[in-house]
Structure formats: C-alpha cells, structure tokens
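Report on the following structure.
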Amino acid sequence: MARITAGLTTSHVPAIGMAVDLGKTEEPYWQPVFAGYEWTRQWAQADPPDVVVLVYNDHASAFDLRMIPTFALGCAASFDPCDEGYGPRPVPVVEGHPELAAHLAQSLILDEFDLTLMNELDVDHGLTVPMSLVYGSPEAWPTKVIPLAVNVVQYPPPTGHRCLSLGRAIARAVASFPEALSVQVWGTGGMSHQIQGARAGLINPEWDAAFMDGLIADPDAVAKIPHIEYLRETGSEGIEMVMWLIMRGALGGSVEELHRFYHVPASNTAVGHLVLQPAP
Ligand code: DHB
Ligand code: FE
222 MARITAGLTT SHVPAIGMAV DLGKTEEPYW QPVFAGYEWT RQWAQADPPD
272 VVVLVYNDHA SAFDLRMIPT FALGCAASFD PCDEGYGPRP VPVVEGHPEL
322 AAHLAQSLIL DEFDLTLMNE LDVDHGLTVP MSLVYGSPEA WPTKVIPLAV
372 NVVQYPPPTG HRCLSLGRAI ARAVASFPEA LSVQVWGTGG MSHQIQGARA
422 GLINPEWDAA FMDGLIADPD AVAKIPHIEY LRETGSEGIE MVMWLIMRGA
472 LGGSVEELHR FYHVPASNTA VGHLVLQPAP
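Just so we're aligned: the sequence shown equals residues 222 to 501 in our numbering.
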C-alpha cells in the first residue's frame, strides 16, 4: 500500500525563484532565507519520496478569469514550468505520476470532492519555488509530483474546513493505492502578505506563529478561521494559508514537528516553513 510519510509547508515567493535562477542565494538579503531551508534540503535529499502531492495555487498563469477551478488535480505525465511574463524558469520539467493521480481522482470524486482533472497543466512559481527550496538546482527533480491547484486568487476560495477535509480524503485515497509508494504532501503559499493596495507590505508575525502552532496541535480549530480573519490579520494574499490545511489533513491525527523556520522579509512576504511527520 502507498503511505504518506511526511508533509511540509512553505511560502512560494517568486523572487526566491529569481534568486536561485540568477545565482543570488548567497547575497546578504537572500542568505538567511536559504539558510532556513538547509536542514530540509539535507533531509529531503537523503530520502526523497516516490511522489509529492504538491498543493499550490496558480497565479493567473495556467488559469485566468475565464476559468477558475476550485480544486484542480494534475493527471498528466509531465508539467512544464510556465512563462509568467519573464520566460519560463530554467528548472527541470516536473514529472507526474498518472497512475496515482488517476487513483486519487477516482477515490476523491467518489468521496464527494468534485475535482477538476487536468490532463495538461503548466505550473508557475507556486509549485516550482517550493521544489527549488527543497531540492536546490538538480538536473532532474528527484521525485514525481502530482500538482493540486487550489483557487485562492478569485473570491470565493474554499474554506479552511473544506481544505482540511480534502486532506483527510487524500490520506484515505493514498492508503487504498495498492503499490508500495512513499508519498509526501506539501502545502504552499503564505504566510502573511499583501502585495497590492493600501496595506501592501503587511506582515503579522504573532498571527503567523499562532497559525503554525494551531496547525500542528489543533487543526480542527484552525479550520474554523473565517476568510475575513485571514484577510484582516494577514493581508489579502495571506488567504493562501488555507492550502496548508490540506497538507495537515493528509497527515492524520497527531504529528511530530521536525523543522520550523520563519523569516521576514522575502519580497513582500513573511516566509514560513514547517516539516512534519505523522506521530508514531
Ligand atoms: C509574492 C508572494 C507570493 O506568494 C506571490 O504568489 C507573489 C508575490 C511577493 O511577496 O512578492
Ligand atoms: Fe502566492
């Protein structure tokens, strides 16, 4: 049977991808950001999973206002990095896992999560920046990836509760896949940030810290946080954090915290990062 072995969360700031691609990771502004992922890079490279279910949001790259799926599952054999206006990132093509994706589609839809199935999908910084943070700059990514794109760009996004429930359904789906695969679930985006408007630059470290603590210890309470609280307390883009609840739901009851990192600033964003594993 397939097993979920660990989960992680991380911000996905596009400027982090630029720092990697332009060789600026050792510059004084960026060095502390990448240092916070050093533990994770060692951990991840020592034992990469067979597959990562990578929860992210598309930022009007593959989708636009003509078409906004709430939850879109990447079922293709591969996913190209997309052109976000300055050319595609020079990172490897992302290899998918069509067999597990088809199984997830069947299990989740029969479990009453009405996903959009993507047989072609180009992936933006929401997915590729976490890959760079965790795996650095290899010739080929060491793991296969099933993208799960969540709408947090156009109101109304899904509730935190819906996201937590979807994560729990992903755990059931993975557990019923007959092949012995190791699977990680990653939740990306956040933490507090607002990149436009009068409150651009808003950061709320106290709220972010409480969110990380709650996500670990009491995800059902965190799942009750209404959209308006994310917007008020963490800025308009802080709503990306609902995606972390999908990761948390997939890890089950209690979890062990392996690594935590928090740093301000990276561009307009508070960078937050957790590595968790299901408690033994
Ligand atoms: C920034 C952060 C994001 O999460 C994003 O998707 C785009 C930009 C930023 O801080 O610049
Ligand atoms: Fe984002």
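Ideal placement from N, C-alpha and C gives every residue a C-beta, glycine not left out.
- Judged by beta-carbon spacing, Glu305 lies beyond the 8 angstroms limit of Ser328, meaning their Cβ atoms are not closer than that value.
- Spatial neighbours of Leu423 in its own chain (CB-CB distance under 6 angstroms, excluding positions within 5 residues in sequence) are listed in chain order as Gln415 and Gly456.
- In this chain, Met222 is not harboured by any beta strand (DSSP E), its DSSP state being neither H nor E.
- Rounded to whole angstroms, the Cβ separation of His346 and Gly238 is 5 angstroms, and the two are in contact under 8 angstroms.
- The continuous stretches of beta strand (DSSP E) do not include Leu436, which lies in the alpha helix (DSSP H) extending over residues Pro426 to Ala438.
- The beta carbon of Gly411 sits closer than 7 angstroms to the beta carbons of Ser232, Gly459, Glu461, Met462, Trp465 and Gly493 from its chain, once the five residues preceding and following it are set aside; these are given in chain order.
- Secondary structure at Gln263: helix, using DSSP grouped into helix, strand and coil.
- Under the DSSP definition of a beta bridge, Pro302 partners with Val344.
- Assignment of Val272 by DSSP, reduced to helix, strand and coil, places it in the strand class.
- The closest CA to that of Leu286, considering only Met352, Tyr277 and Val374, is found on Val374.
- For Glu477, the pairing in a beta bridge is given by DSSP as Gln498.
- In the DSSP assignment, Trp407 falls within the unbroken beta strand (DSSP E) covering Ser403 to Thr409.
- At least one heavy atom of the ligand DHB sits closer than 7 angstroms to the Cβ of Asn489.
- When DSSP states are grouped into helix, strand and coil, Ala293 belongs to the strand group.
- Of the residues Val476, Asn489, Ala471 and Pro302, the one whose Cα lies closest to the Cα of Pro313 is Pro302.
- Contact between Asp271 and Thr364 holds: CB atoms are separated by about 7 angstroms, below the 8 angstroms threshold.
- Nearest C-alpha to Ala444 among Ile467, Glu320 and Cys296: Ile467.
- In the structure shown, Met468 adopts helical secondary structure according to DSSP, grouped into three states.
- For the options Leu387, Gly435 and Val276, the alpha carbon positioned closest to that of Val371 is the one of Val276.
- Within the DSSP bridge table, the entry for Tyr277 names Ala370 as partners.
- Across the set His318, Pro368, Ala500 and Asn489, the C-alpha of Ala500 shows the shortest separation from the C-alpha of Leu479.
- For the ligand FE, the residues with a Cβ under 7 angstroms from any of its heavy atoms are, in chain order, His233, Asn278, His280, Gly347, Gly410, Glu458 and Glu461.
- The beta-bridge partner set that DSSP reports for Gly228 consists of Val406 and Leu497.
- Counting along the chain, Met239 sits inside the alpha helix (DSSP H) bounded by residues Pro235 to Asp242.
- Looking at the DSSP output, His484 bridges to Val492.
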